[in-house]
């Protein structure tokens, strides 16, 4: 008989606390950074923001939601499988949507950016879906798969947040200067 979810969570508790706390902090920092760079966020930049800034916040939030809900002490294998399945499937569909928007984007986007904004998060969500299948099969390897998927997601989101913050820093006008016309990131 496989160990209970509660027994297995004992060893994973600190991981989910740490990852959830990091995700929450990074979501908050994204809001601060956006408010600092608010002068460059105009309606004509909305498509770029939806392709670059939105997914970064969504990926941090997905990791946060997974960690918060995973720590609910009442989980059984099925509820944990449903949680991972929902986050993995919703995230994969979202990452596919971002991938499609990047493909038809009018902006010049290099391969590294394309990789970190779409395929890598899609892979991370697929790994979370694998975790769901493992949880459904009552395998403790589901925790390893969930951790791998969430870490991949956080790494991609951190890299993308850094990329976006560099773009904001370059485009934000210096005090006393006339604002430059903001454009989508060209890397």
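Numbering (this note's numbering), first residue to last: 17 to 203.
We put the beta carbon where it would ideally sit given N, CA and C, even for glycine.
Since the model is a prediction, treat every value here as computed from it, not as a measurement.
Can you list, in chain order, the residues of its chain whose CB lies under 7 angstroms from that of residue 111, leaving out five sequence neighbours each side? 134, 137, 138, 141
Just to check my reading of the structure: residue 68 and residue 180 have Cβ atoms closer than 8 angstroms, yes? What is that Cβ distance to the nearest angstrom?
6 angstroms
- Whole-angstrom distance between residue 48 and residue 198, CA atom to CA atom: Its pLDDT being 48, under 50, residue 198 is placed unreliably in this model, and the value from its coordinates should be taken loosely. Cα to Cα, the separation comes out at about 19 angstroms.
Review point. If you run the structure through DSSP and keep just helix, strand and coil, what is residue 122?
Key: coil
**Message:** Under 8 angstroms: do the segment 112-128 and the segment 84-99 share three or more Cβ pairs, one atom per stretch?
**Reply:** no
Q. Can you give, in chain order, each stretch of the beta strand (DSSP E) that sits fully within the segment 117-173 and has at least 3 residues?
A. none
- prompt: If we count Cβ pairs, one from each stretch, closer than 8 angstroms, do we get three or more for the segment 148-157 versus the segment 167-176?
  reply: no
- Query: Quick one: is residue 185 buried, meaning 16 or more other Cβ sit within 10 Å of its Cβ, or exposed?
  - Reply: exposed
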